[in-house]
Amino acid sequence: CHILASIFGIGFGILAATRQYSWVDTLLSFVSFLGMTVPRFLMALVILYLLAYKFNVQEIGSFYSSKFGGQVFWLGWFNFNWAKLWNLIQHVWPVIAVATIGGLAYNMRVMRANLLDTLNMQYVETARAKGLSEANVILRHAVPNALHPLIAYQGVVLPYMLTGEIEVAIVFGLATIGPAIVGSMAIGDVFVTASLLLVLGATLIVGNIIADLLLVWLDPRIRVGND
C-alpha cells in the first residue's frame with residue numbers, strides 16, 4: 673500500500689503541477705482532498721457494505737478462498753501458483769485500495785506544491801534558456817529537488833508497511849500486525865506488545881537511514897563532507 677501510494681501519488685502530483693489550473697489539476701486536487709478528509713475506516717465500512725450486501729461477495733476476512741484453505745494468516749508455507757496469487761489479490765484489493773488512498777492523497781498534494789515552487793526557481797529558468805525541452809527540465813532538474821520532503825517522509829512511515837492501516841484491517845477482519853498489537857494491548861500481553869513495538873521501532877530507524885542515504889544520493893548539496 674505504501675509503495676503504491678508513493679508511486680501514484682508522486683506521479684499524479686507531477687501531472688497536476690505541470691497542468692496547473694486545468695481540469696486535470698482540478699480533478700486530482702478534488703480526489704486528493706477527499707482522500708485526506710474522509711476517514712479510512714468509513715471508506716472501509718462503505719466498501720464492506722457494498723461487497724457483502726450489494727454484490728454478495730463471500731469469504732471476506734481471509735486471505736484466500738476455502739478451496740485454498742481459507743487461511744486467515746498470509747504468513748507460513750506459501751506453495752506458489754498463479755491461481756493462488758490471483759485469489760489472494762481478489763481478497764486483499766479492497767484493503768489495499770482503502771489503505772492506499774490516504775497516502776496517495778498526501779504524496780500528491782505535497783509533490784504538487786513542491787514542484788510548483790521548484791518550477792519558479794532561477795536554475796529551472798536557466799535550463800529552459802539553454803534550450804532544454806520542458807520534459808527534460810521537469811524530470812532532470814525540477815522533480816529531484818521537489819522530492820526532498822517526500823523522501824524524508826517515506827522513512828518515517830516505513831513501519832506502516834508492516835502494520836498497514838489498523839482500522840481498515842480491523843474492519844475487514846484481517847490478521848495483520850496492526851490488529852495484533854491492538855489485541856495484545858487489550859488483553860495486557862506485555863511480551864507480544866513489546867516485541868511488536870520493538871520491531872516497528874527498528875523499522876523506523878532503518879527507514880530513516882535509508883531516507884537519509886537517498887537524500888545524500890539525490891542532492892550533492894547535503895552530502896557528508898561538503899562545506
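Taking our numbering, I'd label the letters of the sequence shown as residues 673 to 899.
Glycine included, C-beta positions come from ideal geometry on N, C-alpha and C.
Please read these numbers as outputs of a predicted model, since none were measured by experiment.
Span of the alpha helix (DSSP H), counted from its first residue to its last, around residue 827:
Against the sequence shown, residue 827 aligns to sequence position 155. Taken as a continuous stretch (DSSP letters only), the alpha helix (DSSP H) holding residue 827 covers 820–828.
Taking 8 Å as the cut-off, does the segment 810–821 touch the segment 698–713 (at least 3 CB pairs, one atom from each stretch)?
Counting Cβ pairs under 8 Å, fewer than three are found: no touch.
Going by C-alpha to C-alpha distance, which of 777, 867, 732, 882 sits closest to residue 702?
Here residue 702 refers to the residue found at position 30 of the sequence shown. Here the closest residue by C-alpha is 777.
With 16 other CB atoms within 10 Å as the buried threshold, where does residue 747 fall?
Position 75 of the sequence shown holds residue 747. Confidence at residue 747 is low in this model, with a pLDDT of 48, below 50, so the placement of that residue is unreliable and no value is reported for it.
Thinking just about the alpha-carbon of each residue, which of 883, 781, 769, 859 is nearest to the one in residue 704?
What you label residue 704 is simply residue 32 of the sequence shown in a count that begins at 1. With distances taken between Cα atoms, residue 704 lies closest to 781.
Could you pull the start and end residues of the alpha helix (DSSP H) that residue 784 belongs to?
Here residue 784 corresponds to residue number 112 of the sequence shown, with the count starting at 1. For residue 784, the enclosing alpha helix (DSSP H) has its first and last residue at 754–790.
Keeping to the same chain, check which residues put their C-beta closer than 6 Å to that of residue 837; ignore five residues upstream and five downstream.
In the sequence shown, residue 837 corresponds to position 165, counting from 1. Taken in chain order, the residues that qualify are 712, 771.
Between residue 759 and residue 737, is the Cβ-Cβ spacing less than 7 Å?
On the sequence shown, position 87 is the one that residue 759 refers to. On the sequence shown, position 65 is the one that residue 737 refers to. Yes; because the gap between Cβ atoms is below 7 Å, this pair is in contact.
Which ranges would you report for the alpha helix (DSSP H) in the segment 835–871 if only whole runs of at least 4 residues count?
The segment 835–871 contains these whole alpha helix (DSSP H) runs: 838–844, 849–858.
DSSP-derived helix/strand/coil call for residue 873
Indexing the sequence shown from 1 puts residue 873 at position 201. Assignment of residue 873 by DSSP, reduced to helix, strand and coil, places it in the helix class.
So, under 8 Å CB-CB, residue 818 and residue 783 are touching, yes? Tell me the CB distance rounded to an integer number of Å.
Start at 1 with the first residue of the sequence shown, and residue 818 comes out as number 146. Start at 1 with the first residue of the sequence shown, and residue 783 comes out as number 111. Contact holds; Cβ gap of about 6 Å.
Assigned secondary structure, residue 802 (DSSP; H/G/I helix, E/B strand, else coil)
Here the question's residue 802 lines up with position 130 in the sequence shown. In the structure shown, residue 802 sits in coil (DSSP, three-state: anything other than H, G, I, E or B).
Same chain, Cβ closer than 6 Å to residue 773, neighbours up to 5 away in sequence not counted:
What you label residue 773 is simply residue 101 of the sequence shown in a count that begins at 1. Contacts found: 707.
On a Cα-Cα basis, can you pick out the residue from 833, 866, 870, 673 that is closest to residue 761?
Indexing the sequence shown from 1 puts residue 761 at position 89. Nearest to residue 761 by alpha-carbon distance, out of 833, 866, 870, 673, is 673.
What does the alpha-carbon distance come out to for the pair residue 808 and residue 846?
The count along the sequence shown starts at 1 and reaches residue 808 at position 136. The count along the sequence shown starts at 1 and reaches residue 846 at position 174. Taking the straight line joining both Cα atoms gives about 44 Å.
Residue 883: which of 824, 723, 793 sits nearest, CA to CA?
Here residue 883 is taken as the residue at index 211 of the sequence shown, counted from 1. When only C-alpha atoms are compared, the closest one is 824.
Within a Cβ cutoff of 7 Å, which residues of the same chain sit near residue 697, ignoring the five residues on either side of it in sequence?
Your numbering for residue 697 matches position 25 in the sequence shown. Cβ within range, chain order: 688, 691.
Minimum length 4: unbroken alpha helix (DSSP H) runs contained in the segment 708–742:
712–721
Backbone secondary structure at residue 704 - three-state DSSP:
What you label residue 704 is simply residue 32 of the sequence shown in a count that begins at 1. In the structure shown, residue 704 sits in a helix (DSSP, three-state: H, G or I).
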